[in-house]
Amino acid sequence: MMKNKLPIGLSVVVPIYNEEKSIGLLYTSIRDACEAVPQHYEIIFIDDGSRDNSFSELEALHQKDPHVKVIRFRKNYGQTAAMATGFRAARGDVVVSMDGDLQNDPVDIPRLLAKIDDGYDVVCGWRKARKDKLISRKIPSWIANWIIGKITQVPIHDNGCSLKAYRKKIIKQVSLYSELHRFIPAMSSLAGARITEIVVTHHARQFGVSKYGISRAWKVLSDLFLIKLLTGFVTRPSLWFGLGALCALLVGVGGMLGGMIVGVGGITFLTVAFLFCSLAGHLLVMGILGEVIVETGNYRPSKMIVVQ
Amino acid sequence: MAVFTKESATGQYSLTFNEPKCVGVSIVIPVTERCDDLIEIYRVHKDILNCRGVESEFIFVIDGGFEWEGDRVRALAHKEEFVRVIQLSRPFGEATALAVGFEQAEGDVVVTMPSYFQTIPEGLDTVLNALDQDCDVAIARRWPRHDRWVNKMQNSGFHFVLRWFTGVRFHDLGCGLRGMKKRVTCELQLYGDLHRFIPLLAYQRGFRVREVDVSQHQADQSTRIYKPGVYLRRLLDILTVAFLFKFTKKPLRFFGLIGAGLFFAGFALSSYLAMEKILGISGLADRPMLILGVLLMVLGVQTGSLGLLGEIIIFTHARKMKDYTIEKFLK
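Protein sequences appear in the order of chains A and B.
For the first sequence, the working numbering gives the first residue as 8, with consecutive numbering after it.
For the second sequence, the working numbering gives the first residue as 14, with consecutive numbering after it.
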C-alpha cells in the first residue's frame with residue numbers, strides 16, 4: 008500500500024452526524040483547500056452513528072479518493088468521542104478539526120497552517136462575524152467564552168469554534184472525555200503550548216438542524232469548573248490533598264488543645280477533634296494515592312511542552 | 014465427532030477439533046441451578062433447528078455440583094455430532110458458564126437457553142427470526158405470561174428498580190432465552206451475576222437489542238420465593254450495572270453529589286446545635302448529636318475526595334479507555 012508509506016503532513020478531522028446533504032460539498036471544499044498546501048494530507052470523517060445516508064455517502068468518497076478515511080461509530084456517542092477517535096487515528100504532523108455542517112469554511116485551513124509554521128502549537132478559529140441567532144446562540148457564547156477566559160487564563164474569544172489546528176504532539180496528549188473538547192486550548196496551555204487565534208469565516212447553516220441548544224450551557228459550566236479543578240489537582244494532587252489534610256489536622260488538634268486547656272465539655276468535644284484528625288489522615292493517604300495515579304497516567308504536562 | 018472437554022485444576026481447557034465444522038447456530042445451555050430433562054430440551058430444540066434447516070451445535074456447560082446431569086448429556090455427546098459438554102471443576106455460576114460457552118461457540122449466531130423449560134420451544138424460532146432481521150441481540154420476553162402473582166410482582170419490581178437507575182426499559186431480563194450475533198458474544202465480558210444484564214451491556218456497547226414476545230412454558234409457573242440474600246444480591250447487581258452504565262466516566266459527579274449531600278446534612282445539624290448554644294438554650298459539649306453532625310461532614314468530605322480521585326484516574330488514563338465502539342474503519 009503506497010499511500011500508507013507517505014509521511015502525512017496534515018490530517019483534517021471532521022465529525023459527521025446526520026449530514027448526508029452537506030457531505031458532498033464539504034468534501035470538495037476540504038479537498039480544494041488541502042490541495043493548496045504542499046503537505047500530503049488525509050481527511051478523516053467520523054460518522055457518529057448517523058441514522059441517514061451519511062455513511063454510504065462517505066463510503067463512496069472513500070472508494071473514490073484514497074485521502075479519505077472513514078470511521079463509523081456503532082451508535083451516537085457525541086462530538087467529543089468522535090473528535091478523540093479522529094485525533095487518535097490521525098497521522099499528520101498537524102491536525103485540523105472542523106465541524107461537518109458547512110458552517111466552518113475549509114478555505115481557512117492554509118491560514119491556520121501558516122500560523123503553525125510561525126511557531127504556535129494551537130491555532131483557534133474565531134467566528135468574529137458569526138451567522139447564528141443572537142439571543143439563543145451568540146449571547147450565551149459570549150458570556151461562556153468570557154467566563155472560560157477568566158477562569159482558565161487563556162484569552163481565546165471563541166472556544167466553541169471547532170475549526171482549530173494543533174501540533175500532533177499536543178493533541179495526542181490531551182485527555183478528551185465527557186464533553187471536554189471545548190477545553191482543549193485551556194488544557195494545552197497548561198502544558199505550555201503557545202496558543203493564538205485567527206478570524207475565520209462562518210456561514211449560516213444550509214442543511215439540517217443544529218444539534219445544540221441553550222440547555223448545553225449548564226453542562227459547559229460544570230465541565231469548566233471540573234477542568235479548573237482537575238488541571239489544578241492533576242499537576243500536584245498531594246499538594247492539594249495535603250492542604251486539606253492540614254486544615255483538618257489544625258481543626259482537630261486545635262479542638263483537642265482547646266478542650267484540654269479551657270476544659271470545655273469532656274467527651275463530645277474530644278470525639279469531634281478525633282474525627283477531624285482521622286479526616287486529615289484520610290486526605291493524606293488520598294494525596295499519596297493521587298500522586299501514584301498521576302504518575303502512572305498519560306497526562307503529564309511536563310511531557311507535552313514543545314521544545315524547539 | 015463430539016469433542017469433550019474438562020476444566021483441569023489449573024483452569025486450562027483441553028480441546029480437540031477433529032474436523033472443520035460449519036455451524037450456523039450455537040446453542041449454549043448453562044446448567045447451574047434448576048434443571049429439567051436436558052435430553053428432552055435437546056431433542057425438542059434440535060427438531061426446530063432441523064426444520065429451519067440450519068446447522069447447529071449444542072454446548073452444555075455443566076457447573077460444579079451438577080455432575081450427575083452431566084453424565085446423562087455426556088452419553089448424548091458420544092452419540093450425537095455437534096453436542097459438546099463442558100464440565101466446570103467447581104460451582105462458578107451462570108455468568109462464567111455462559112462466558113465459557115461463548116468462548117467455545119463456533120456459530121455465527123449464539124443462543125443461550127436455560128436448562129429448564131421456561132418458554133415454549135417455538136420461542137427459539139421467534140428469536141432466530143428476529144435476528145435475521147435488523148438486530149444484533151434478540152431477547153425473549155415471557156409474554157403472555159400466565160404466572161403466579163408473586164413471580165410477576167418480583168419481576169416487575171426488579172425491572173422498575175433497574176429502569177429507575179439506568180433509564181432503560183426492559184421487561185423480562187430473567188428470561189434465559191437470548192439470541193445474539195457472534196460479534197456480540199466476543200465483546201461482552203461477563204462475570205459475577207452480570208449474565209442477567211447481557212441485553213443492557215450489549216445496548217450500552219451500541220448493539221441493536223430487541224425484545225420479542227414468547228409464550229411462557231407450563232412448567233415455569235411454580236411460585237418462586239428466594240432467600241433474602243438473593244434479593245439483596247439482585248439489588249447490588251443493579252447498582253453495579255447502573256454505575257457501569259452511567260457513571261464510569263463521571264465519578265466526581267456521582268460521588269461529589271453524595272458527598273455534598275452528606276456534608277450539608279452534617280453542616281445543618283451542627284449549625285443547628287451551634288445556634289442553640291449561642292442562644293443559650295443548651296450547651297454544645299454534652300450533645301452526642303454534635304458527633305453525628307461532624308461525622309456526616311467528615312464522611313461527606315471523604316466521599317467527595319474519593320470522587321475527585323476517581324476523576325483524576327479517568328482524566329489521566331482517559332486515552333487508554335474507550336467507551337465508544339467503532340463499527341467500521343475504512344483506511
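Beta carbons: idealized from backbone N, C-alpha and C, even for Gly.
Fair warning: this is a prediction, and the values are worked out from it, not measured in the lab.
- Proximity of TYR55 (chain B) to chain A, defined by a Cβ-Cβ separation below 7 Å, is not satisfied.
- CA-to-CA, the gap between ILE37 (chain A) and TYR337 (chain B) works out to about 27 Å.
- Ranked by Cα distance from ILE155 (chain A), the first of A:PRO117, A:SER196, A:LEU183, A:VAL181 is A:SER196.
- With a threshold of 7 Å between beta carbons, TYR184 (chain A) makes contact with chain B.
- If you look at ILE155 (chain A), you'll find it isn't in any beta strand (DSSP E); it sits in the alpha helix (DSSP H) that goes 146-159.
- Considering only beta carbons, the part of the region 256-271 of chain B lying closer than 7 Å to chain A consists of LYS262, LYS263, LEU265, in chain order.
- In the pairwise beta carbon analysis, the region 261-275 of chain B is classified as not touching the region 246-253 of chain B: fewer than three pairs are separated by under 8 Å.
- The C-beta distance from ARG191 (chain B) to ILE152 (chain B) rounds to 5 Å, short enough to meet the 8 Å contact threshold.
- Assigned with DSSP and collapsed to three states, LYS76 (chain A) falls in strand.
- Residue pairing by DSSP places GLU49 (chain A) opposite A:SER18 in a beta bridge.
- Legend: CB atoms of the region 311-330 of chain B lying less than 8 Å from CB atoms of chain A belong to residues VAL311, VAL314, GLN315, SER318, LEU319, LEU321, LEU322, GLU324, ILE325, ILE326, ILE327, PHE328, THR329, HIS330.
- ILE202 (chain A) and LEU233 (chain A) have their C-alpha atoms roughly 22 Å apart.
- In this structure the region 161-168 of chain B does not touch the region 82-89 of chain B; the number of beta carbon pairs closer than 8 Å is below three.
- In chain A, no part has a C-beta under 8 Å from the C-beta of LYS92 (chain B); the shortest such distance is about 42 Å.
- Contact annotation for ILE339 (chain B) against chain A: ILE78, ARG79, PHE80, ARG81, THR92 [CB-CB distance below 8 Å, chain order].
- Shown here, LYS194 (chain B) sits in a strand according to DSSP, grouped into three states.
- Membership of GLU27 (chain A) in any alpha helix (DSSP H) is not indicated, and neither H nor E is assigned to it by DSSP.
- With a threshold of 16 other beta carbon atoms within 10 Å, LEU101 (chain B) meets it and is buried.
- Contact fails between the region 315-326 of chain B and the region 70-77 of chain A, because fewer than three Cβ pairs, one in each stretch, are under 8 Å apart.
- With respect to the 7 Å criterion, ALA97 (chain A) and PRO22 (chain A) are not classified as neighbours on the basis of their beta carbons.
- Less than 7 Å divides the Cβ of THR198 (chain B) from the Cβ of VAL123 (chain B).
- With respect to the C-alpha of LEU290 (chain A), the residue from A:THR303, A:ALA121, A:LEU250 having the closest C-alpha is A:LEU250.
- Unbroken alpha helix (DSSP H) runs of no fewer than 4 residues, entirely contained in the region 95-122 of chain A, are not found.
- For VAL307 (chain B), the nearest CB of chain A lies under 7 Å from its own CB, placing it at the interface with that chain.
- Interface criterion met: the Cβ of MET293 (chain A) is under 7 Å from a Cβ in chain B.
- In this structure ALA215 (chain B) is not in contact with VAL225 (chain B), their Cβ atoms being roughly 15 Å apart against a cut-off of 8 Å.
- For HIS69 (chain A), the chain B residues whose C-beta falls within less than 7 Å of its own C-beta are LEU343, listed in chain order.
- C-alpha of SER69 (chain B) to C-alpha of LYS262 (chain B): approximately 40 Å in a straight line.
- With respect to the 7 Å criterion, VAL243 (chain B) and PHE210 (chain B) are not classified as neighbours on the basis of their beta carbons.
- For VAL36 (chain B), the three-state secondary structure derived from DSSP is coil.
- What PRO301 (chain B) touches in chain A, judged by beta-carbon distance under 8 Å, is THR275, going in chain order.
- Taken in chain order, the whole beta strand (DSSP E) runs of length 3 or more contained in the region 47-128 of chain B are 69-75, 96-100, 122-125.
- Bridge partners of ASP226 (chain B) according to DSSP: B:ARG154.
- Assigned with DSSP and collapsed to three states, PRO43 (chain B) falls in strand.
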